[in-house]
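Below is one structure; the comments refer to it alone.
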Amino acid sequence: HGSWNRSKRVGYNVVFLSFRNGRPVGSPVEFLSGFMLSPDKREVWGRPVGLLQLPDGSLLVSDDGGRKIWRVSYKG
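The numbers in the sequence shown follow my numbering, run straight up by one, and end at 81.
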């Protein structure tokens with residue numbers, strides 16, 4: 006999710022975070038980005054807010070900035 010009320014924007018991406026025994030370990034790894042050009046600009050292309058993993062392993066990402074639902078999948 007991204008900030009909308011700051012002079013310098015943060016967020017606007019989806020990260021992967023590993024867990025061990027129910028606790029986060031390590032640093033977040035950027036998984037899905039490209040929703041904004043620059044933290045200093047007002048223009049954004051989207052703002053990811055919610056995730057849902059489907060039975061086929063794909064991921065739905067809701068976007069309240071671009072008013073879209075993105076489907077992320079793997080082709081091997």
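Idealized CB from N, CA, C, for every residue including glycine.
Since the model is a prediction, treat every value here as computed from it, not as a measurement.
Spatial neighbours of residue i within its chain, please: C-beta separation below 7 Å, excluding the five flanking residues on both sides.
i          : result
residue 36 : 19, 20, 21
residue 76 : 63, 65
residue 69 : 52, 54
residue 45 : 13
For my contact list, residue i and residue j are in at a C-beta cut-off of 8 Å; report their separation, rounded to the angstrom.
i          : j          : result
residue 51 : residue 81 : Incorrect: roughly 26 Å between the Cβ atoms, too far for contact.
residue 63 : residue 43 : No, residue 63 and residue 43 are not in contact; Cβ-Cβ is about 30 Å, not under 8 Å.
residue 49 : residue 41 : 4 Å
Label residue i either buried or exposed according to how many other C-beta atoms from any shown protein chain fall within 10 Å of its C-beta, with 16 as the threshold for buried.
i          : result
residue 30 : exposed
residue 60 : exposed
residue 47 : exposed
residue 28 : exposed
Can you tell me where the beta strand (DSSP E) holding residue i begins and where it ends?
i          : result
residue 35 : 28–37
residue 23 : 19–25
Going by beta carbon distance, what residues of the same chain come within less than 6 Å of residue i, once the five residues before and after it are set aside?
i          : result
residue 74 : 65, 67
residue 23 : 30, 31
residue 39 : none
residue 57 : 65
* At which residue ranges does the segment 53–81 contain complete beta strand (DSSP E) runs of 3 or more residues, listed in the order of the chain? -> 53–58, 64–68, 73–77
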